[in-house]
Amino acid sequence: MNRQSSIMFFTRAILLFVLSAMLFLSVNATHGQQHDAQSTPADWARWRGPAGNGISTNQQPVTSWSETENVIWRTKVPGKGHASPIIADSRIFLATADQQTQTQSVVAFDRATGKQIWDTVVNTGGFPEKIHAKNTHASSTIALGDGLIYVVFFNNEQKRITALDLDGEIVWQDIVGDYRSPYAFGIGASPIVYQSLVIVSNENMNEGALVAYDAKTGERKWSAPRPSINYSTPVVANVGGKDQLLISGINKVASYNPLTGKENWAAPAKWKATCGTMVWNETTVFASGGYPGPQTLAIAADGSGKMLWEKPLKCYEQSMIVVDGFLYGITDKGVIFCFDVVDGTEKWKKRFKGPVSASPVSANDMIYFTAENGQTEVIKANPNQFEEVATNQLGTSGFASFALADNKIYARVGDKTGGYQEWLYCIGKR
73 MNRQSSIMFF TRAILLFVLS AMLFLSVNAT HGQQHDAQST PADWARWRGP AGNGISTNQQ
133 PVTSWSETEN VIWRTKVPGK GHASPIIADS RIFLATADQQ TQTQSVVAFD RATGKQIWDT
193 VVNTGGFPEK IHAKNTHASS TIALGDGLIY VVFFNNEQKR ITALDLDGEI VWQDIVGDYR
253 SPYAFGIGAS PIVYQSLVIV SNENMNEGAL VAYDAKTGER KWSAPRPSIN YSTPVVANVG
313 GKDQLLISGI NKVASYNPLT GKENWAAPAK WKATCGTMVW NETTVFASGG YPGPQTLAIA
373 ADGSGKMLWE KPLKCYEQSM IVVDGFLYGI TDKGVIFCFD VVDGTEKWKK RFKGPVSASP
433 VSANDMIYFT AENGQTEVIK ANPNQFEEVA TNQLGTSGFA SFALADNKIY ARVGDKTGGY
493 QEWLYCIGKR
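Going by the numbering used here, 147 is the number at position 75 of the sequence shown; the sequence numbering is gapless.
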């Protein structure tokens, strides 16, 4: 081989090696992108997350934090509210209200940085003179579906729903109905999206009902009577072999057809009013309430309305959570409990800081319970024993439930130090 041929041979060899390396890196990069896309956690686009049960799968959020530890960013939230964050695409949305200007708004933040993008005033004026000391004028969490966000506010003695696009432009609005109550408590139930419908609870003494709208146009599709005071958010669950719209309160646990509003079945309960959203497994639904009597119960979801078991415990404001065949919750008195879902066997109880208004969330076999003072207890979802993982403090006021996405925790908290200010935190590994 002459010198020129030798040079050409080695040049080709090097070129072949470079091309092979580039192809190898390209294939692996593509594989990595596909893997990341497949494992990307679902957005938290409604009250209690992807399934409406407080659980996020395929995620590993941190278990310890403070106002400086594991904080990726924090940003000021204008106004005040107990609505949870919802997360979709590159943005985070919050409902909020300003008592002084009597405005109710939706605010959008950048998901990566926390920077506020827009603030749209939805309603002005007409605030009730009084509401419950633990409530706000923006306690209903936003729901998202098909590129629109839906928010419910109470003003002018009416419950109103507004649909906005992701840039904050109002698409449609409607008065769900008048809202009459002998109690100056305000409202708390959040809208939910199911297929092409957005469903709103307007349970009160004046023609109370569940109302379903066409999500795109705002046209009313059905209404189911619920003529009493109640504060629970309904949820659609696939239980008993079909999708059922579940809601507790008004002395019963009830199931409706989510497409028509027709009642499937109902089972009697002791309480007139509940606040928590029901939870379930494949065959059974679980509910809890506290007025006038404390009761936590399990009902067969096969249409029989059969009570499987009950306990004299009260989770009034906060929802419960089912993880791997066990029911966890925290009572109004601040006692965390674990029951077997099959027969209600008590596995353990443990006292925690109370009182509690936020609902628990779960991911990676961990459950996060947040008290009204801003302290969060993280426990292992372990039915055999109470297993504390960490106790964390954030702000001085914790009423909004956490949202989980991107292996991160998004938390709306209040801080009373030097005057009340709300913050939105993104908590996770940097």
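Note that the Cβ used here is the ideal one computed from N, Cα and C, for glycine as well.
Could you give the first and the last residue of the continuous beta strand (DSSP E) run that contains glycine 217? Start and end: 215 to 217.
Give every residue of the same chain whose Cβ lies closer than 6 Å to the Cβ of lysine 421, excluding the five residues on either side of it in the sequence, and list them in chain order. By the criterion of a C-beta distance shorter than 6 Å, lysine 421 is surrounded in its chain by Val407, Phe409, once the five residues flanking it on both sides are discounted.
What are the start and end residues of each continuous beta strand (DSSP E) run of 3 or more residues lying completely inside the segment 400 to 441, in chain order? Those beta strand (DSSP E) runs which fall completely within the segment 400 to 441 and span 3+ residues are 407 to 412, 418 to 423, 433 to 435.
Which ranges would you report for the beta strand (DSSP E) in the segment 341 to 386 if only whole runs of at least 3 residues count? Whole beta strand (DSSP E) segments, 3+ residues: 356 to 361, 367 to 372, 379 to 383.
Report yes if the CB atom of lysine 231 is closer than 8 Å to the CB atom of glycine 217, and no otherwise. No, the Cβ-Cβ distance between lysine 231 and glycine 217 is not below 8 Å.
Under the three-state reduction of DSSP, which class applies to glutamate 444: helix, strand or coil? Coil, per DSSP.
Return the CA-CA distance between glutamine 514 and cysteine 387, expressed in angstroms with no decimal places. With the chain represented from 73 up to 502, any question about residue 514 goes unanswered, as that position is not in the structure.
For asparagine 310, which of Pro299, Val351, Ile159 has the nearest alpha-carbon? Checking every option, the nearest Cα to that of asparagine 310 belongs to Val351.
Residue from Ile402, Thr234, Ile322 whose Cα sits closest to the Cα of glycine 365: Selected option, being the one with the closest Cα: Ile322.
Measuring only the C-alpha atoms, how far is glutamate 416 from asparagine 302? Strictly speaking, residue 416 in this sequence is glycine, with glutamate absent from that position. The straight-line gap from Cα to Cα measures roughly 26 Å.
Please report how far the alpha carbon of valine 265 lies from the alpha carbon of threonine 468, in whole angstroms. Straight across, the Cα-Cα distance linking valine 265 with threonine 468 is about 32 Å.
Proximity winner among Pro432, Asp170, Ile233, relative to glycine 121 (alpha-carbon distances): The shortest CA-to-CA distance from glycine 121 to any of Pro432, Asp170, Ile233 is the one to Pro432.
Determine which residues share a DSSP beta bridge with alanine 210 and list them. In the DSSP output, where bridge partners are listed per residue, alanine 210 has none listed.
Looking at C-alpha atoms only, which residue of Thr463, Val270, Arg163 is the closest neighbour of glutamate 291? When only C-alpha atoms are compared, the closest one is Val270.
On the CB-based measure, 16 or more other CB atoms within 10 Å of its CB, does arginine 484 come out buried or exposed? The residue in question, arginine 484, is buried, as its Cβ has 16 or more Cβ neighbours within 10 Å.
Taking buried to mean at least 16 other C-beta atoms within 10 Å of its own C-beta, is lysine 501 buried or exposed? Answer is exposed; the Cβ neighbour count stays below 16.
What's the call for valine 193, buried or exposed, on a 16-neighbour Cβ count within 10 Å? If you draw a 10 Å sphere on the C-beta of valine 193, you find fewer than 16 other C-beta atoms in it, and that means exposed.
Terminal residues of the continuous beta strand (DSSP E) containing arginine 292? Looking at the DSSP string, the run of the beta strand (DSSP E) that includes arginine 292 is 292 to 297.
On a Cα-Cα basis, can you pick out the residue from Thr208, Lys148, Thr213 that is closest to lysine 187? Taking only the C-alpha atoms, the option nearest lysine 187 is Lys148.
Contact between the segment 132 to 147 and the segment 195 to 209 is defined here as three or more beta-carbon pairs at a separation below 8 Å; is this criterion met? Output reads no: the segment 195 to 209 does not touch the segment 132 to 147.
Can you give me the C-alpha to C-alpha distance between tyrosine 251 and glycine 197, rounded to a whole angstrom? For tyrosine 251 and glycine 197, the gap between their C-alpha atoms comes out near 16 Å.
Among Ala341, Thr140, Leu466, Ile221, whose alpha-carbon lies nearest the alpha-carbon of alanine 160? For the residues Ala341, Thr140, Leu466, Ile221, the minimum Cα distance to alanine 160 belongs to Ile221.
In the DSSP output, what is tryptophan 190 paired with across the bridge? In DSSP, tryptophan 190 forms a bridge with Ala180.
Report the residue from Gly491, Ala287, Ala296 whose alpha carbon sits nearest the alpha carbon of alanine 281. Of the candidates Gly491, Ala287, Ala296, the one whose C-alpha sits nearest the C-alpha of alanine 281 is Ala296.
Return the Cβ separation of alanine 339 and glycine 361 in integer angstroms, given the expectation that the two are a contact with Cβ distance under 8 Å. Going by Cβ atoms, the distance from alanine 339 to glycine 361 rounds to 13 Å, so no, they are not a contact pair.
For tyrosine 482, count neighbouring Cβ atoms within 10 angstroms of its own Cβ and tell me buried if that reaches 16, exposed if not. Residue burial is scored here from C-beta neighbours: tyrosine 482 has at least 16 other C-beta atoms within 10 angstroms and is therefore classed as buried.
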